[in-house]
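Using the working numbering, read the first sequence as starting at 1 and increasing by one per residue. Even for Gly, the Cβ is constructed at its ideal location relative to N, Cα and C. Please read these numbers as outputs of a predicted model, since none were measured by experiment.
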Amino acid sequence: MRPAENIAVEELTEGQARAELARLANAIARANRTYHTEDAPEISDAAYDALKRRNAAIESRFPRLKRADSPSDQIGATPSETFAKLRHAVRMLSLANAFDDADVTDFDARIRSFLNLPADAPLAYTAEPKIDGLSLSLRYENGDLIQAVTRGDGETGENVTQNARTIADIPQRLTSAPEILEVRGEVYMSHADFEALNVRQAEAGAKTFANPRNAAAGSLRQLDATITAARPLKFFAYAWGETSEPLATTQMGAVARLADLGFSTNPLTTLCNTPDEMLETYARIETQRADLGYDIDGVVYKVDDLALQARLGFRATTPRWAIAHKFPAELAWTRLEKIEIQVGRTGALSPVARLHPVTVGGVVVSNATLHNEDYIAGRDSKGAEIRDAKDIRIGDWVQVYRAGDVIPKIANVDLSRRPDSSQPYDFPTKCPECGSDAIREEGDSVRRCSGGLICPAQAVEKLKHFVSRAAFDIEGLGAKQVEMFFVDDLLPIREPADIFTLEARDAANPLQKLKNRDGWGETSATNLFRAIDEKRQIPLNRVIFALGIRHVGEVAAQDLARHYGNWAALTAAIDAARPAEQRHEQAETALRAERQTAQNEGRRARITETRNAVWEADPPLPQPAIEAWNDLIGIDGIGATLAVSLISAFHQPAERASIDRLAAHLRIEEVSRPATDGSLVAGKTVVFTGTLEKMTRAEAKARAEALGAKVAGSVSAKTDLLVAGPGAGSKAKKATELGVETIDEDAWLALIGAA
DNA sequence: GTGCCTCGAGTTCC
DNA sequence: CTCGAGGCAC
1 MRPAENIAVE ELTEGQARAE LARLANAIAR ANRTYHTEDA PEISDAAYDA
51 LKRRNAAIES RFPRLKRADS PSDQIGATPS ETFAKLRHAV RMLSLANAFD
101 DADVTDFDAR IRSFLNLPAD APLAYTAEPK IDGLSLSLRY ENGDLIQAVT
151 RGDGETGENV TQNARTIADI PQRLTSAPEI LEVRGEVYMS HADFEALNVR
201 QAEAGAKTFA NPRNAAAGSL RQLDATITAA RPLKFFAYAW GETSEPLATT
251 QMGAVARLAD LGFSTNPLTT LCNTPDEMLE TYARIETQRA DLGYDIDGVV
301 YKVDDLALQA RLGFRATTPR WAIAHKFPAE LAWTRLEKIE IQVGRTGALS
351 PVARLHPVTV GGVVVSNATL HNEDYIAGRD SKGAEIRDAK DIRIGDWVQV
401 YRAGDVIPKI ANVDLSRRPD SSQPYDFPTK CPECGSDAIR EEGDSVRRCS
451 GGLICPAQAV EKLKHFVSRA AFDIEGLGAK QVEMFFVDDL LPIREPADIF
501 TLEARDAANP LQKLKNRDGW GETSATNLFR AIDEKRQIPL NRVIFALGIR
551 HVGEVAAQDL ARHYGNWAAL TAAIDAARPA EQRHEQAETA LRAERQTAQN
601 EGRRARITET RNAVWEADPP LPQPAIEAWN DLIGIDGIGA TLAVSLISAF
651 HQPAERASID RLAAHLRIEE VSRPATDGSL VAGKTVVFTG TLEKMTRAEA
701 KARAEALGAK VAGSVSAKTD LLVAGPGAGS KAKKATELGV ETIDEDAWLA
751 LIGAA
């Protein structure tokens with residue numbers, strides 16, 4: 001008889017599987033030991049990965065046999081991480097959504113306005129069904145399929161090349177293809193195949209899938225490609241990434257070219273000449289939906305002309321030239337059993353509905369967001385009623401849907417089934433986690449816990465944010481571990497700096513070392529310490545973002561980092577601007593009072609006078625404070641609210657001390673300005689003024705930014721270039737005064753054309 | 001002062 | 001993914 005280790009996972013009996021899991025746990029543990037304690041590992045990385053993959057495959061086939069000491073539970077060894085991460089040559093973006101006809105006509109209007117096209121100029125769009133599967137990018141070089149990568153976060157995805165090779169719709173080789181070609185499309189499973197698969201799964205005692213999309217995702221992300229091969233996956237091509245030569249001049253043409261190359265393309269793809277035709281196509285596809293044999297969740301429209309697509313470009317996460325028109329969401333009735341309050345990192349109290357579990361759109365839903373106080377009461381931010389029944393109460397029958405097919409929300413309440421005894425929900429005014437007052441600021445829709453870092457919920461959420469992907473991204477230190485360390489008495493992590501003293505404190509702790517704890521071992525402990533060490537050197541923008549200051553997200557952090565360049569300059573500027581920030585807040589307070597009095601007295605508020613009075617009050621503000629403040633709020637995208645938030649965070653004594661302790665452990669990387677050699681305008685700060693005749697402002701801004709320039713709203717000493725169209729007024733004058741180079745639109749186009 | 005547009009914050013389920 | 005709100009252009 002063959003030894004169990006040579007038997008394919010599918011063919012193992014239960015007994016053989018149990019023995020194999022024991023053998024693999026042993027072999028992996030041994031490999032870990034030799035890898036970490038000796039210079040010469042006994043097995044190659046590839047062989048090690050193979051052991052881990054086989055272990056995971058057996059565990060997924062025989063979940064009951066999973067061992068308590070399973071290697072797949074060790075930190076940094078979750079199954080998804082055994083796929084290598086690969087960066088996309090061209091980002092894979094998601095699409096903006098349209099939910100009704102007006103959104104579609106707005107889309108057309110927005111594009112015309114961006115391109116400066118009159119309403120009656122011809123403008124064609126493609127319409128195609130939006131397949132409900134998972135997107136995949138296939139890279140071909142010299143006609144050979146060399147890489148298949150999942151979408152991931154759009155920047156990097158998982159390398160599933162071996163699995164993609166088993167999909168019949170994906171050609172292994174292309175003839176007469178461009179030298180480099182990235183084909184993008186959707187992996188999906190047909191209804192018939194999905195049902196047959198579930199029957200097989202049930203017979204084998206394995207887990208059945210909730211819907212075809214989950215089945216497709218689960219099948220593609222198998223560690224053992226032979227399992228993927230046995231799953232009936234299909235692929236539609238509809239887009240492309242990097243190409244060494246253009247596929248065509250239109251979207252329709254490019255899709256036809258993909259079909260010529262041997263890909264399946266969706267037969268319902270239609271060319272539309274007007275928004276009305278787009279809506280007709282939508283309606284037609286919707287009527288065919290039930291008979292297609294695969295899931296779709298809407299219709300995607302794209303500008304057909306690829307040259308126009310290039311001009312339209314991209315917003316932060318979506319192309320301007322495409323939109324997904326979603327089908328109406330499925331609805332389901334269920335009972336609201338309880339309302340719980342969660343406390344977020346900014347102290348926001350968020351109500352969550354605990355629901356009697358109900359299936360909506362193929363997924364069992366048991367929670368739904370209730371947003372805030374007003375949403376429960378049935379009002380939107382402007383006080384308008386948002387549903388037929390006024391408020392939502394515990395015990396109500398509620399109609400649930402999944403917004404954008406993901407986030408469960410409550411659409412309506414069945415008043416006829418409301419119990420007589422029910423009471424309106426009483427929103428707490430104390431933080432449920434720490435008991436501090438929960439305060440709702442004037443004009444704000446959110447009630448916030450005032451406890452700050454005293455509040456354990458806020459402290460732990462801030463820590464989770466600190467280690468999150470866009471921040472410090474420490475492998476092996478995710479939300480779960482943070483929660484565990486936060487309540488740990490021997491080796492606590494209560495603030496970011498504690499992360500960087502973890503190893504030293506563990507070494508100094510004679511009682512119980514981390515490696516001797518339950519669920520931890522030598523390997524996981526050293527892996528964690530190493531992962532932490534790797535992040536002691538870190539880019540400035542990540543540090544700023546990681547601090548979790550309100551209103552300072554990824555983009556603002558990036559803007560601040562680019563503007564100040566290094567940590568010392570940033571903190572110096574914040575400290576210098578402090579007096580001005582206080583004056584600004586006094587001015588705002590005075591302004592509120594003035595507005596109130598003005599209203600009572602039935603006169604207009606004296607806005608400028610009130611503001612100036614505060615700014616010019618004695619003692620006069622030091623000039624450097626004013627300069628630092630103006631410099632800060634002069635950054636494009638950064639205004640007074642954000643500046644106040646940033647400066648006050650740095651001047652809260654406890655918070656500042658925590659920030660300083662953190663900074664002492666880090667080597668913060670300076671931000672280098674974008675290279676100036678790529679483009680003549682890269683790294684330059686440009687201001688547009690006057691009427692632009694060849695392009696709209698939005699287009700001018702987007703194109704300048706794509707070339708690495710920074711577009712500012714007003715001229716200052718930092719401005720490198722002013723592009724002035726006819727009718728330029730005060731800005732052109734100021735530029736002359738400051739000696740800023742001024743050019744006209746044609747000169748600008750020549751400049752970027754040459755770049 | 002008003003009306004877009006983008007970013008930030010919070011949330012669910014796999 | 002959505003909502004609210006900050007920032008900025010008009």
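Per DSSP, residue 563 is one residue of the alpha helix (DSSP H) stretching across 554 to 564. Residue 545 holds the alpha-carbon nearest to the alpha-carbon of residue 471 among 545, 455 and 120. In the displayed model, residue 331 falls within a strand according to three-state DSSP. DSSP places residue 135 within a strand segment (E or B) once states are collapsed to three. In the DSSP assignment, residue 197 falls within the unbroken alpha helix (DSSP H) covering 191 to 203.
One thing to note: residue 374 has its Cβ no nearer than 8 angstroms to the Cβ of residue 424. Residue 269 carries a coil assignment under DSSP once its states are collapsed to helix, strand and coil.
Comparing C-alpha distances from residue 634 to each of 657, 684 and 712 shows the shortest one belongs to 712. In this structure, residue 320 lies away from residue 99, with their beta-carbon atoms at least 8 angstroms apart. A Cβ-Cβ distance of about 5 angstroms is found for the pair residue 166 and residue 228, placing them in contact under the 8 angstroms criterion.
With contacts defined by Cβ atoms closer than 8 angstroms, residue 467 and residue 482 form a contacting pair. Cβ-Cβ distances below 6 angstroms link residue 477 to 467 in the same chain, with the five nearest sequence neighbours on each side left out; the list follows chain order. Residue 146 carries a strand assignment under DSSP once its states are collapsed to helix, strand and coil. By the criterion of at least three beta-carbon pairs nearer than 8 angstroms, the region 538 to 558 is not in contact with the region 590 to 598. In the structure shown, residue 670 falls within a coil segment according to DSSP collapsed to helix, strand and coil. C-alpha of residue 249 to C-alpha of residue 574: approximately 50 angstroms in a straight line. Between the alpha carbons of residue 121 and residue 543 lies a gap of roughly 48 angstroms. In this structure, residue 180 and residue 137 do not form a Cβ contact; the two beta carbons are roughly 13 angstroms apart against a cut-off of 8 angstroms. Burial check for residue 630: the Cβ neighbour count within 10 Å stays below 16, so the residue is exposed.
Judged by DSSP in its simplified three-state form, residue 117 adopts coil rather than helix or strand.
The alpha-carbon of residue 362 is positioned some 6 angstroms away from that of residue 210. About 19 angstroms separates the CB atoms of residue 225 and residue 188; that is not less than 8 angstroms, and the two are not in contact. The beta-carbon distance between residue 293 and residue 235, rounded to whole angstroms, is 15 angstroms. This is too long to meet the 8 angstroms contact definition. Under the three-state reduction of DSSP output, residue 282 falls in the helix class.
The closest CA to that of residue 322, considering only 205, 607 and 308, is found on 308.
Taking a C-beta distance under 8 angstroms as the contact criterion, residue 565 and residue 655 do not qualify as a contact pair. A residue is called buried when at least 16 other Cβ atoms come within 10 angstroms of its Cβ; residue 396 meets this threshold and is buried.
In terms of CA proximity to residue 359, 330 leads the group 371, 330 and 372. Taking residue 104 as reference, the option from 367, 135, 272 and 342 with the minimal CA-CA separation is 272. Around the beta carbon of residue 123, 16 or more other beta carbons sit within 10 angstroms, so the residue counts as buried.
Distance between residue 133 and residue 191, taken at the CA atoms: about 12 angstroms. Ranked by how close their Cα comes to the Cα of residue 62, the residues 101, 19 and 102 have 19 in first place.
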